[in-house]
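Participant: Chains as they are written, first to last, in my numbering: chain Z, 9 to 120; chain R, 243 to 357.
For reference, the structure I am asking about is given below.
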């Protein structure tokens, strides 16, 4: 079946360093790839997304890249801050479709 | 901030009790979802709905049931709670449409503990 693999499951970085989370999807028809951030005691919230007609997208300190051929996409956080500490989920879905397939999550710790 | 609400936020209940977890959204979204979240983070889809009077089971088997009588309301019911039902339950909604991208808006979750 369709799945999304996400690595690493835990990531610890020093404040100011960069963090990279990688995902691989199986359904080549997927064309929408959102990233969600879940803080303690809250539901996941969309932080950035990328569509299959774009290879890279940036929003301030966060960026996503997509390699459709390899079916890989990644989240990059630069100049990490303690408030970036959270669980991050990647996901893949199809325009107009129903299901969103989530990765297993990455717990990011940013040490001050 | 997403306009999707869940009550209660925390619930501790004894085995055998019937419970209903409430979820409401004010965005007029057709699609709604229930996820069960492990302590280890992973999200498991347990129910979803395309719209009023539509409900489907998700990927993870669940003893819970859902109903969708109104667009904005998608409650989840457990007829007889057991300790194995202890978990975090997340409700979400999204737009439906041929060209829409499936951004999901999540509620804050209900943390259920069954003793």
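Where is the CB? At the ideal position from N, CA and C, for every residue including glycine.
#1: Quick one: what's got a C-beta closer than 7 Å to residue 302 of chain R's C-beta in the same chain, skipping five residues either side?
#2: Just the Cα atoms here: how many angstroms apart are residue 234 of chain R and residue 291 of chain R?
#3: Going along chain R in order, which residues have a C-beta closer than 7 Å to the C-beta of residue 54 of chain Z?
#4: Residue 75 of chain Z bridges to which residues according to DSSP?
#5: Give me the subset of the region 23–45 of chain Z whose CB atoms are less than 9 Å from a CB atom of chain R, sorted by chain position.
#6: By the DSSP assignment, the beta strand (DSSP E) with residue 274 of chain R in it spans what residues?
#7: When DSSP builds the beta bridges, which residues end up paired with residue 62 of chain Z?
#8: Distance, Cα to Cα, residue 281 of chain R vs residue 31 of chain Z?
#9: Which value, in whole angstroms, describes the spacing of the CA atoms of residue 245 of chain R and residue 353 of chain R?
#10: By DSSP's criteria, residue 97 of chain Z is part of a beta bridge. Which residues make up the other side?
#11: In terms of residues, what are the limits of the beta strand (DSSP E) holding residue 330 of chain R?
#12: Can you pull the chain R residues whose beta carbon is under 8 Å from the beta carbon of residue 67 of chain Z, in chain order?
#13: Mind checking who residue 233 of chain R pairs with in its DSSP beta bridge?
Facilitator: Well, looking at it:
#1: 278, 286, 287, 288
#2: Here chain R has residues from 243 to 357 only, and residue 234 of chain R is not among them.
#3: Residues of chain R passing the Cβ test: 345.
#4: Z/80
#5: The residues in question are 39, 40, 42, 44.
#6: 273–279
#7: Residue 62 of chain Z is not bridged to any residue.
#8: In this structure, the CA atom of residue 281 of chain R is about 21 Å from the CA atom of residue 31 of chain Z.
#9: 19 Å
#10: Z/44
#11: 329–336
#12: Correct list: empty, because the minimum Cβ distance to chain R is about 15 Å.
#13: This structure cannot speak to residue 233 of chain R, because chain R is shown only from 243 to 357.
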